[in-house]
Each structure stands twice: as structure tokens, then as C-alpha cells.
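Novice: Taking full-length UniProt numbering, the leading residue of the sequence shown gets 1, the next gets one more, and so forth. Ideal Cβ placement from N, Cα and C applies to all residues, glycine included.
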Amino acid sequence: MKPRIKLLSEKKLIGMQTIMSLTDNKTMELWQNFMPKRKDIKRAVNSNLYSIQHYDDLYFKDFNPNASFEKWAAIEVTDFKIIPKDMQTFTIPTGLYAVFEYKGLSSDNSIFHYIFAEWLPNSEYHLDHRPHFEILGEKYKNNDPNSEEEIWIPIKPRT
Numbered sequence: 001m002k003p004r005i006k007l008l009s010e011k012k013l014i015g016m017q018t019i020m021s022l023t024d025n026k027t028m029e030l031w032q033n034f035m036p037k038r039k040d041i042k043r044a045v046n047s048n049l050y051s052i053q054h055y056d057d058l059y060f061k062d063f064n065p066n067a068s069f070e071k072w073a074a075i076e077v078t079d080f081k082i083i084p085k086d087m088q089t090f091t092i093p094t095g096l097y098a099v100f101e102y103k104g105l106s107s108d109n110s111i112f113h114y115i116f117a118e119w120l121p122n123s124e125y126h127l128d129h130r131p132h133f134e135i136l137g138e139k140y141k142n143n144d145p146n147s148e149e150e151i152w153i154p155i156k157p158r159t
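1. If you check the beta carbons only, do E134 and E149 fall under 8 Å apart?
2. Would you report the Cα separation of F69 and N143, rounded to the nearest angstrom?
3. Using 8 Å as the threshold, is the C-beta distance between I52 and A98 below it?
4. Considering only the alpha carbon of each residue, which of D40, R43, K139, F90 lies closest to G104?
5. Should N109 be listed as close to the ligand SAM, given that the test is whether its C-beta is under 7 Å from any heavy atom?
6. Could you please give the first and the last residue of the uninterrupted beta strand (DSSP E) stretch that includes M16?
7. Taking contact to mean at least 3 C-beta pairs separated by less than 8 Å, is the region 107 to 121 in contact with the region 69 to 82?
8. My output table needs one value for E124: the three-state DSSP class, helix, strand or coil.
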């Protein structure tokens, strides 16, 4: 699977976040809290949902499934003029991304093994320290093997 390499312009998002780890996965709880309230977000760019992971600088240097990170459920907006109660803003900065088109169950982590253990080490890129995210568009179907999403991995050229 070969990704598209894309320069992403800054994105403004509004949503909800939680701190979690891979061993203490709170993804389902986060989305269950977010989905009924997403209609309160005004000035949405489109109907795509963003599942964002924001890791600290050392997260990938010494991988530990107990290490915590921020997980976001969000929608892209045109501006931050109206922020619904119980929600926060998040900005994805401009940067280069490897974009993988994924079809399958979101619970199947083999795509991430491929990205980090096979594709990235053999590519001309390093992992960059910016948010990782998935775009869950109209072809996304939770817990469905025919579900489709885009996986965005922040990269920078090897020097």
C-alpha cells in the first residue's frame, strides 16, 4: 500500500478530548460523549469526523503501550468564534503527511504495524512531531469490514 504524500494546510477543529493509553483505551467512551453533541458545532467545513492522536515528543522513541496521549473526536470548522459548551479547540499545523487509504475494521491494527514497521523505515521520510489523525468520511462505517477512512501520518524528509 503506497500512501499519497500531501502538504496539509492548517486545520481548525472543535471537539472533545481525553487522555488515554493503548492499554486504557477510552476511544469508545470519547465518541459516545461527542456524537450526540456534534450538532452543536457551528461553521463546520463539512461532515467529516476527525479522530486525532496527539503524542508527546518521546512517545515513539521508547514505545510503551501504557504511555498516555491525547485522543480527540472533532469536526473541522472555519473559525473558533462559537465554541459549544463542554468542547475545546484544536489546531493541526501545516505540514507534510503520508495519507493511507484504509478499508477494513478500525479495530484491526495491522495497518499501523505496516505503516510504522514496514513503510516508514523503508521510505525517504521520518516521523514528524505533529498530530496523527484519521478522517472518517461518508464511507466510514463503525465496526464494518467495508468501512473506509484516511489515515494521516505526519512526516518530514530524511536529511
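Specialist: Walking through what the data contain:
1. yes
2. 23 Å
3. no
4. K139
5. Questions concerning the ligand SAM fall outside what the structure shown contains, since it holds no ligand whatsoever.
6. 11 to 20
7. no
8. coil
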